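Numbering (our numbering), first residue to last: 78 to 283.
Here's the structure, in structure tokens; my notes come after.
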DNA sequence: ATCCCGAGGG
DNA sequence: CCCTCTGGAT
């Protein structure tokens, strides 16, 4: 068995059915939730989305929300001024140029304020389109498992993973790596004792 | 005290 | 490329 196949099978054993903790009822709620999750925990996002979508159920309503009112709801997330401004502008663009829908093109998504490459990939991935969303977890895990080099940019990590992994596995594997990096292969004190991926890992050589 | 589940701007 | 925005986690 090759190195990549071994790693994939170990990840499968750890996380049989990886799922995002973000629950959404619509494309709109999905997009906004993912924008809000930048530099925030899912728990924090889930704490504010109830009130947020109750007060502003649609892109139209949210685009007209008073800035101060939005900030008040988003405050527990951190970066709340930017996030309030961004989701307002994003909602305006959704109405004005996408007929109130969430676009499914990479470039259209990345043109939305608050949506960079990682966020766009998470959204596309949730739409069933094969993408690899590289956050700090995926980047760190990839580097430790020698699927990328330590100095690689997130974009380079994404390219290397797309090249190394079968397309049918992209979505599943990046979800698994996010979970693995968050809970076990942490940046600070990784739980290396008994880790099934130890044979392929170069921590802490780097 | 320090790092971090990003993105935008200079 | 490097800085900033913020609360939360450790």
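Just so you know, even glycine gets a beta-carbon here, dropped at the ideal spot from N, CA and C.
This one's a predicted model, so the numbers in the text were calculated from it and none came from an experiment.
With fewer than three CB-CB distances shorter than 8 Å, the region 121-132 does not count as touching the region 177-184. Here DSSP, grouped into helix, strand and coil, assigns residue 134 to coil.
Around the beta-carbon of residue 204, fewer than 16 other beta-carbon atoms lie within 10 Å, marking it exposed.
When secondary structure is reduced to three states using DSSP, residue 211 falls in the coil class, being assigned neither helix nor strand. DSSP places residue 224 outside both helix and strand once states are collapsed to three, so it counts as coil. Across the structure, residue 198 and residue 271 are spaced so that their CA atoms are roughly 32 Å apart. Judged by DSSP in its simplified three-state form, residue 271 adopts coil rather than helix or strand.
In this chain, residue 182 is not harboured by any alpha helix (DSSP H), its DSSP state being neither H nor E.
DSSP assignment within the region 228-257 yields the following whole alpha helix (DSSP H) runs of 4 residues or more, N-terminal first: 231-241.
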